Structure formats: structure tokens, C-alpha cells
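K.L.:
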Amino acid sequence: MTAPDPMTAMRRPFAARRFTHFGWSVSADGRVATITLNRPERKNPLTFDSYAELRDLFRELPFASDVRAVVLTGAGGNFCSGGDVFEIIEPLTRMAEPELLAFTRMTGDLVLAMLRAPQPIIAAVDGVAAGAGAILAMASDLRLATPRARTAFLFTRVGLAGCDMGACAMLPRIIGQGRAAELLYTGRSMDAAEAERWGFYNAIVEPDALLADAQARAAALANGPAFAHAMTKKMLLQEWSVSLEQALEMEAQAQAICMGTQDFRRAFEAFAAKRTPVFEGN
Numbered sequence: 036m037t038a039p040d041p042m043t044a045m046r047r048p049f050a051a052r053r054f055t056h057f058g059w060s061v062s063a064d065g066r067v068a069t070i071t072l073n074r075p076e077r078k079n080p081l082t083f084d085s086y087a088e089l090r091d092l093f094r095e096l097p098f099a100s101d102v103r104a105v106v107l108t109g110a111g112g113n114f115c116s117g118g119d120v121f122e123i124i125e126p127l128t129r130m131a132e133p134e135l136l137a138f139t140r141m142t143g144d145l146v147l148a149m150l151r152a153p154q155p156i157i158a159a160v161d162g163v164a165a166g167a168g169a170i171l172a173m174a175s176d177l178r179l180a181t182p183r184a185r186t187a188f189l190f191t192r193v194g195l196a197g198c199d200m201g202a203c204a205m206l207p208r209i210i211g212q213g214r215a216a217e218l219l220y221t222g223r224s225m226d227a228a229e230a231e232r233w234g235f236y237n238a239i240v241e242p243d244a245l246l247a248d249a250q251a252r253a254a255a256l257a258n259g260p261a262f263a264h265a266m267t268k269k270m271l272l273q274e275w276s277v278s279l280e281q282a283l284e285m286e287a288q289a290q291a292i293c294m295g296t297q298d299f300r301r302a303f304e305a306f307a308a309k310r311t312p313v314f315e316g317n
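Position one of the sequence shown corresponds to residue 36 (our numbering), numbered consecutively onward.
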């Protein structure tokens, strides 16, 4: 009997996981996980603990044997209003610089963990997405919004710089330098139509269909070539800081690796047999 591959043995199912500071549910086949920020009475603000728990979850997702796509949403008609005024903002005003730096590094680590997680992340945004909430949407791979979504990078409105949690690096790549500069300087809110027109949101969906739409899109990705999707996500991140020549070589190597997978062979065999391929992510 062949011994299990040690790296495969490190992977584990996440369907039964339970979390303290946000909701967690997984589809029947285990492939799509939904994270729900669930403090609706306060428009789902983040706390020190929820930041840390989200960071730790996304750090662990590379080891999931079941989850292949993630939906991130909020409860009660809002996405996330940012850091909790009384549980984060007020304590920050009393901290010394070393503690402040530890906090800002932790928030950046959450974004990095989202970017490094191999699973595509779809943000399903209704109502308010402000401050860190807007950052969570920005750090997702795809973004859906309802017509009533309002998105604001409002750091300057509380006396802080717009360069928070990667905003100055990532937002210009999504909507362009001039538009990003306006939002980060002014802290003003984008309505859903403007945000879609600028390319921040991929689509506008009615509120009662938002979660189902996001989960359906996530399922379509989860049923695709998971290894290839993870490679695409890694290249989207790594190619930010390289030359075109380097990017072409990186993509040549990445694609050659994907050509060695069973999914590539399955796709060819399915095409030759005129049937739909079934991807297993290997």
C-alpha cells in the first residue's frame, strides 16, 4: 500500500471549523465557504479579536483539503463599517507607538493573508463598506455590490493617512491612480453605480439575490481547476513588482507547471471526447 504523500497529509477539512468572531458556513460539497461578519447592530465593525481571527483563518486556508473558494459578506444589510469606534479607535488613542505599530502591522497581515490564500475570494457587499470594510472588499479577488452599497476609504476623515492596509498600492491598480487619489484624499463615499463604472465592483446585484449570486460564482470557480486558479492568484500578486521580462518568464514557468497537472490532461481528454471536464485540482 502506498504511503500518503506527507504534504497531502498536512491538508485537512475546514467544513466543521467554528469561529468566535464571525460566522462560518460551508456548502454541502465543502468547496465554498462563506464568512459572515455578524455584528449587524453596529454595521459589522471589526475588533482587535476579529482582525486576528480573520488573519489566522486566511493564513490557514492554504492547508484546507475541501474549501476551494470563499465568499466574504456581512449580516443585516451592511458589509462592514470598519474598525469599531469604541473597541478599536478609542483604545488606539491611548496606545504608545510600539503598540500602534503592532496593530497596523496586524491589519496589513490580514490583507497579505487574503492575497496569499490560494482560494479566490468574492466580496458580497451590501450597504456600508467603510474604512477597513472597504479594504476587505479591495483585498478580495472579485467584488459584487447591491445598488445601495456605499464604499468609502475614510481614513483622512479621522485624521489618518489614506495609505492604510495597502490602499495606496492596490486601489490604483483597480480603479486608476487619479480616481484612487481622489478617494484616499477626500474619504468620500462611492455609490454602487460609480464604483461599478470605475471597475471597483464587478457587478451590481439586487439585495435579495446578492449572497446566492456570490455563492454561485464561487461554486463555479470551486468546480474549475483549483490548482490553476491558485497559480493565477499567485501570479496576480507576484507580478506587481517585476518587469515585463520577468513576468513573462514567471508565467512561462507557472504555465509549464500547470501543463503537468492531471487537470490539464483531463481537460484535453474531455475536449477530445466532446464532454465537460471534471477538475479535481491536481
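Cβ coordinates follow ideal geometry from the N, Cα and C atoms, glycine included. Please read all numbers here as calculations on a predicted model, not as lab measurements.
Please list the terminal residues of the continuous beta strand (DSSP E) segment that includes Val146.
P.N.:
In the sequence shown, counting from the first residue as 1, residue 146 sits at position 111. Premise fails: Val146 lies in the alpha helix (DSSP H), 132 to 151, not in any beta strand (DSSP E).
K.L.:
Between which two residues does the beta strand (DSSP E) containing Ser85 stretch?
P.N.:
As a working note, residue 85 is residue 50 in the sequence shown. It is not in any beta strand (DSSP E) - Ser85 instead sits in the alpha helix (DSSP H) that spans 83 to 95.
K.L.:
Would you call Pro260 buried or exposed, if buried means 16 or more other Cβ atoms sit within 10 Å of its Cβ?
P.N.:
Counted from its first residue, the sequence shown places residue 260 at position 225. Buried, because 16 or more other Cβ atoms sit within 10 Å of the Cβ of Pro260.
K.L.:
If we ignore side chains and look at the alpha-carbon of each, how far apart do Phe114 and Leu206 end up?
P.N.:
Along the sequence shown, read from residue 1 onward, the residue named residue 114 stands at position 79. Along the sequence shown, read from residue 1 onward, the residue named residue 206 stands at position 171. About 18 Å.
K.L.:
Please state whether DSSP places Thr71 in a helix, a strand or coil.
P.N.:
Taking the sequence shown and counting its residues from 1, one reaches residue 71 at position 36. Of the three classes helix, strand and coil, the one that applies to Thr71 here is strand, per DSSP.
K.L.:
In chain order, what residues of the same chain lie with their CB nearer than 7 Å to the CB of Gly222, ignoring the 5 residues before and after it?
P.N.:
If you number the sequence shown from 1, residue 222 lands on position 187. Within the same chain, Gly222 has close Cβ partners Ala187, Phe188, Leu189, Phe190, Thr191, Arg192.
K.L.:
Let's see if you can read the secondary structure: which residues bound the beta strand (DSSP E) around Ile156?
P.N.:
For this step, residue 156 is matched to residue 121 along the sequence shown. Ile156 -> beta strand (DSSP E) spans 156 to 160.
K.L.:
Which same chain residues end up closer than 6 Å to Met119 when comparing Cβ atoms and leaving out the 5 residues on each side of it in sequence?
P.N.:
By one-based count along the sequence shown, residue 119 stands at place 84. Note that residue 119 corresponds to Asp in the displayed sequence, not to Met. Only Pro80, Thr82 meet the Cβ criterion.
K.L.:
Within the chosen definition, does the stretch 246 to 254 reach the stretch 65 to 74 through at least 3 CB pairs nearer than 8 Å?
P.N.:
Yes, they touch.
K.L.:
May I have the straight-line CA-CA distance separating Arg74 from Gly112, to the nearest angstrom?
P.N.:
Locating residue 74 in the sequence shown gives position 39, where the first residue counts as 1. Locating residue 112 in the sequence shown gives position 77, where the first residue counts as 1. Distance between the alpha carbons of Arg74 and Gly112: 11 Å.
K.L.:
Is the beta carbon of Tyr236 closer than 7 Å to that of Ala180?
P.N.:
Position 145 of the sequence shown, counted from the first residue, corresponds to residue 180. Position 201 of the sequence shown, counted from the first residue, corresponds to residue 236. Yes; because the gap between Cβ atoms is below 7 Å, this pair is in contact.
K.L.:
So, is Met130 buried or exposed, given that buried needs 16 or more other C-beta atoms within 10 angstroms?
P.N.:
In the sequence shown, the residue the question calls residue 130 occupies position 95. By the 10 Å Cβ count, Met130 comes out exposed.
K.L.:
Look at the Cβ atom of Val160, then the Cβ atom of Arg185, and state whether they are nearer than 7 Å.
P.N.:
Taking the sequence shown and counting its residues from 1, one reaches residue 160 at position 125. Taking the sequence shown and counting its residues from 1, one reaches residue 185 at position 150. Cβ atoms of Val160 and Arg185: not closer than 7 Å.
K.L.:
Assign Lys78 to buried or exposed, taking buried as 16 or more other Cβ atoms, counted over all protein chains shown, within 10 Å of its Cβ.
P.N.:
Along the sequence shown, read from residue 1 onward, the residue named residue 78 stands at position 43. Buried.
K.L.:
How big is the Cα-Cα spacing for Ile124 and Thr142?
P.N.:
Here residue 124 refers to the residue found at position 89 of the sequence shown. Here residue 142 refers to the residue found at position 107 of the sequence shown. Going from the Cα of Ile124 to the Cα of Thr142 covers about 13 Å.
K.L.:
Considering only the beta carbon of each residue, do Gly239 and Pro155 sit closer than 7 Å?
P.N.:
Within the sequence shown, the letter at position 204 stands for residue 239. Within the sequence shown, the letter at position 120 stands for residue 155. The sequence shown places Ile at residue 239, not Gly. Going by C-beta atoms, Ile239 is not nearer than 7 Å to Pro155.
K.L.:
Assess, as a yes-or-no matter, whether the stretch 268 to 282 is touched by the stretch 223 to 230 under the definition of 3 or more beta carbon pairs within less than 8 Å.
P.N.:
The stretch 223 to 230 vs the stretch 268 to 282: no contact.
K.L.:
Between which two residues does the beta strand (DSSP E) holding Thr267 run?
P.N.:
What you label residue 267 is simply residue 232 of the sequence shown in a count that begins at 1. No beta strand (DSSP E) holds Thr267; the alpha helix (DSSP H) holding it covers 261 to 273.
K.L.:
Bridge partners of Leu177, per DSSP?
P.N.:
Along the sequence shown, read from residue 1 onward, the residue named residue 177 stands at position 142. Ile157, per the DSSP bridge assignment.
K.L.:
In the DSSP assignment, find the beta strand (DSSP E) that holds Met225 and state where it starts and stops.
P.N.:
Within the sequence shown, residue 225 is the residue found at index 190, counting from 1. That run of the beta strand (DSSP E) goes 224 to 226.
K.L.:
Check for me: the beta strand (DSSP E) holding Leu189 runs from which residue to which?
P.N.:
Sequence index remark: in the sequence shown, residue 189 carries index 154 (1-based). It is not in any beta strand (DSSP E) - Leu189 carries neither H nor E in the DSSP assignment.
K.L.:
Using the C-alpha atoms, what's the distance from Ser175 back to Asp243?
P.N.:
To locate residue 243, count along the sequence shown from 1; it is residue 208. To locate residue 175, count along the sequence shown from 1; it is residue 140. Taking the straight line joining both Cα atoms gives about 21 Å.
K.L.:
What did DSSP end up calling Ala305 once you bin it into helix, strand or coil?
P.N.:
Looking up residue 305 in the sequence shown gives position 270. Three-state DSSP puts Ala305 in a helix.
K.L.:
Leu283: which of Phe306, Met270, Met294 sits nearest, CA to CA?
P.N.:
By 1-based counting over the sequence shown, the position of residue 283 is 248. It is Met270 whose Cα lies nearest to the Cα of Leu283.
K.L.:
Decide if Ala307 is buried, meaning its Cβ has at least 16 other Cβ atoms within 10 Å, or exposed.
P.N.:
Taking the first residue of the sequence shown as 1, we reach residue 307 at position 272. Exposed is the call here.
K.L.:
With 16 as the cutoff for other CB atoms within 10 Å, does Thr43 come out buried or exposed?
P.N.:
On the sequence shown, position 8 is the one that residue 43 refers to. Thr43 comes out exposed.
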